[in-house]
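Inspection log for the structure reproduced underneath, given as structure tokens.
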Amino acid sequence: MSDPAPVRSTGIGSWPGTDLTEAVKIAFAECPDLPYLPELPQRGPAAGMIGRATALLHELPVDLQPAGWRLSDSSGREHRQARAVLRSDLDQLEEQAQGYAGPVKLSVGGPWTLAASMERPRGDRVLADRGARRELGQSLAEGIAQLVLDLRRRLPEVEWLVQLDEPLLPAVLAGGVRTASGLHRHRAVDRPEVSGTYGQLVERLEAAGAATPVLVHCCAADVPVELLRRAGVTGLMLDVDRADSRTWDQVAEALEAGTLIGLGALRTDRGREPGRPNARGVADRALRPLRALGLGPDVSGRLLVTPACGLAGFDRAGAIDALRAVREAAEIVSEELAR
1 MSDPAPVRST GIGSWPGTDL TEAVKIAFAE CPDLPYLPEL PQRGPAAGMI GRATALLHEL
61 PVDLQPAGWR LSDSSGREHR QARAVLRSDL DQLEEQAQGY AGPVKLSVGG PWTLAASMER
121 PRGDRVLADR GARRELGQSL AEGIAQLVLD LRRRLPEVEW LVQLDEPLLP AVLAGGVRTA
181 SGLHRHRAVD RPEVSGTYGQ LVERLEAAGA ATPVLVHCCA ADVPVELLRR AGVTGLMLDV
241 DRADSRTWDQ VAEALEAGTL IGLGALRTDR GREPGRPNAR GVADRALRPL RALGLGPDVS
301 GRLLVTPACG LAGFDRAGAI DALRAVREAA EIVSEELAR
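Residue numbers (the UniProt record's numbering): 1 to 339.
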């Protein structure tokens, strides 16, 4: 019998600073099992999670207002800037990844976080309008498919993975997203509609010849593990501190069904704390639920150890230390599970 595949580590997406070339080099050096394209929100709204996602919207113009990103009749200056920033980032990624063969992860704001964050032309969130929600989801799916096809042409030896960042997904399902006025909350979106949006994205990637693993990252509580698994996504990534026993039961079922699970075991909500992150402590946070569920080495190849969320709140040295800590923690988890 062959040895089980090791647990891998990776980052989530956001990174401190404004130097994309350096950030890509660090991501490839510190996450050799699964490097990723960092997101640098300190460069401005066009480079943040929502801004970058708007750059991928297909035939759906937006502009930036004081209240945030908004669907519009024509693309505003900031939207054009977001597209230019993304093109530049992809050019730099292509340059740094020449000769590399293996997996690379891309992070994109997910359709439901976009719907809960962006406004319609005549006010309030896209979330309030079923037709607008559908149009936004379809536009994003088409844009992601075109992005993957473009990257496959640029770097044919790379195995691409798409990570959808969905911090607002549980709030969308629970009716917890406030209206633009802040006085009320939007109605909960039905679970079949939410699931269908992910299923359509996976289907669009396949139909375009861009079939690629789709991961959903959610660092909030109440991650809908079963919904995502049944929608056809390849994996999901969660904050281990926010998951309750019901969530872990669903995680166990997902692992047994072959789903890739990212364990966000390094805290990111307080930025860099004094001293280097403790890899042993990170490993213990990842191992605790795995042991409680009775999971062994047979699932190790479907596990990732990650920071709970992005690292933009860290300084450069602290962010590098965080990636090194999760890499060392993944090695510890592999060894512990194999015993």
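From the three backbone atoms N, C-alpha and C, an ideal C-beta is built for every residue, glycine too. Predicted model, so just to flag it, every value in this text is computed and none were measured.
In the structure shown, the three-state DSSP call for Val7 is coil. Contact between Leu323 and Ala286 is absent: CB atoms are separated by about 15 Å, not below the 8 Å threshold.
Under the DSSP assignment, Trp248 falls in the alpha helix (DSSP H) whose first and last residues are Ser245 to Glu256.
Spanning the alpha carbons of Thr247 and Val225 requires a straight line of approximately 7 Å. The three-state reading of DSSP puts Ala338 in helix, counting H, G and I together. If you check the CB distance, Glu119 and Gly310 do not come in under 8 Å. Within the segment 120-196, the beta strand (DSSP E) runs of at least 3 residues that lie entirely inside it are, in chain order, 158-165.
Residue pairing from DSSP places Gln65 in a beta bridge opposite Gly68.
Between the alpha carbons of Gly11 and Ala132 lies a gap of roughly 32 Å. Under the three-state reduction of DSSP output, Ser117 falls in the helix class. Contact between the segment 290-298 and the segment 88-107 is absent, with fewer than three C-beta pairs closer than 8 Å.
When the five nearest sequence neighbours on each side are left out, the beta carbons in the same chain lying within less than 6 Å of the beta carbon of Arg229 are those of Ala254 and Thr259, in order along the chain. Taking a contact as a CB-CB distance under 8 Å, the pair Ala53 and Val148 does not count as one, their CB atoms being some 15 Å apart.
When C-alpha distances from Leu155 are compared across Glu135, Ala171 and Glu95, the shortest belongs to Glu95. With contacts defined by Cβ atoms closer than 8 Å, Ala46 and Glu78 form a contacting pair. For the pair Val177 and Ala171, the CB atoms are nearer than the 8 Å cut-off. DSSP places Pro307 in the uninterrupted beta strand (DSSP E) bounded by Leu303 to Pro307. According to the DSSP assignment, Ile261 belongs to the beta strand (DSSP E) that extends over Leu260 to Leu266. Contact fails between the segment 180-193 and the segment 235-245, because fewer than three Cβ pairs, one in each stretch, are under 8 Å apart. When the alpha-carbon of Val24 is set against those of Ala82, Arg339 and Arg316, the nearest one is in Arg316.
Annotation: Gly102 is outside any alpha helix (DSSP H); the continuous beta strand (DSSP E) that includes it extends over Gly102 to Gly109. Residue Val62 holds the alpha-carbon nearest to the alpha-carbon of Ser74 among Arg187, Val62, Ile26 and Arg280. Residue pairing by DSSP leaves Leu323 without any beta bridge partner. Taking Phe28 as the centre and dropping the five residues before and after it, the same chain places the C-beta of Pro35 closer than 6 Å to its C-beta, in chain order.
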